[in-house]
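Peer 1: Here it is, the structure, as structure tokens.
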Amino acid sequence: MTSITAERINEFRRADLNDLCDATEAAIRDGNGFGWLEPPPRPRLEAYWRGVLVVPERELFIGRLDGTIAGSAQLVKPTSNQEARGFAATLSTHFVAPWARGHGLARALVEAVEVAARVGGFETLNLDVRETQEAALKLYESCGYERWGTLQSYARVDGRMISGHFYVKRFE
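Numbering (the working numbering), first residue to last: 26 to 197.
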């Protein structure tokens, strides 16, 4: 039986960083690179993930499939000088490696970030996603996110402009 978990981490244990980088590279190659179009060199990718753990406004959530990290998401909180926007956080860098899809891991990561946002006192959670990420769009809408806007010039992929959609979820 397949086991999935989604949890916040504050440090990497044993093979965690390697697993996260492997999953990230697979997701980037599949077109879901949260900004990257090609996997960066491994030292740069490792530095990125280590950096996430030291930024006070970021909480890293990892998803495991049978104990192996297969995806992630981040809760990005406003900085302390953003008092007027202090009620809203952002769901960012959400992905699941292609080999781990179809087990509910993407939804589990969204739910884990939402719980942390609510516990943190946030009233809304924002996110943005490329129009080409059809599975992600369906997931976010099924989780109650409302599309509030579209930016036609959101990303350039293979020389062509891709639109991006912006979503919000208000907590009751």
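Even for Gly, the Cβ is constructed at its ideal location relative to N, Cα and C.
1) Which residue marks the beginning of the beta strand (DSSP E) containing S167, and which one marks its end?
2) Have a look at T49 and D91 and give me their C-alpha separation to the nearest angstrom.
3) Using the C-alpha atoms, what's the distance from F147 back to S105?
4) The alpha helix (DSSP H) with L42 in it runs from where to where?
5) Go to E139, then tell me how far its alpha helix (DSSP H) extends in each direction, as first and last residue.
6) Measure how close the beta-carbons of I29 and H128 come, nearest whole angstrom, since I'm counting them as under 8 Å.
7) Cβ of T175 within 8 Å of Cβ of S167?
8) Shorter than 8 Å from the beta carbon of V79 to some beta carbon of chain B?
9) Within its chain, find whatever has a CB closer than 6 Å to the CB of Y192; leave out the 5 residues flanking it on each side and keep chain order.
10) Would you mind sorting L134 into buried or exposed? The rule is 16 or more other CB atoms within 10 Å of its CB.
11) Please classify V138 as buried or exposed, where buried requires at least 16 neighbouring CB atoms within 10 angstroms.
12) Can you tell which of R195, G145 and I53 has its C-alpha closest to the C-alpha of L62?
13) Between the Cα of A131 and those of S97, K102 and E108, spot the shortest distance and give me the residue it belongs to.
14) Given a cut-off of 8 Å on the beta-carbon distance, is the pair E84 and Q107 in contact?
Peer 2: Short version:
1) For S167, there is no enclosing beta strand (DSSP E); the enclosing alpha helix (DSSP H) covers residues E159 to S167.
2) Taking the straight line from one Cα to the other gives about 17 Å.
3) The straight-line gap from Cα to Cα measures roughly 14 Å.
4) Element bounds for L42: D41 to R54.
5) Where E139 is concerned, the enclosing alpha helix (DSSP H) stretches over L130 to V144.
6) That pair is a contact at about 5 Å.
7) With respect to S167, T175 sits apart: the two C-beta atoms are not nearer than 8 Å.
8) This model lacks chain B altogether, as it is built from one protein chain only.
9) L152, Y165, Y170 and R172, listed in sequence order.
10) Counting Cβ neighbours within 10 Å, L134 comes out buried, since at least 16 surround it.
11) Buried.
12) Ranking the options by Cα distance to L62, first place goes to I53.
13) For A131, the closest alpha carbon among the candidates S97, K102 and E108 is that of S97.
14) Q107 is positioned such that its CB atom lies no closer than 8 Å to that of E84.
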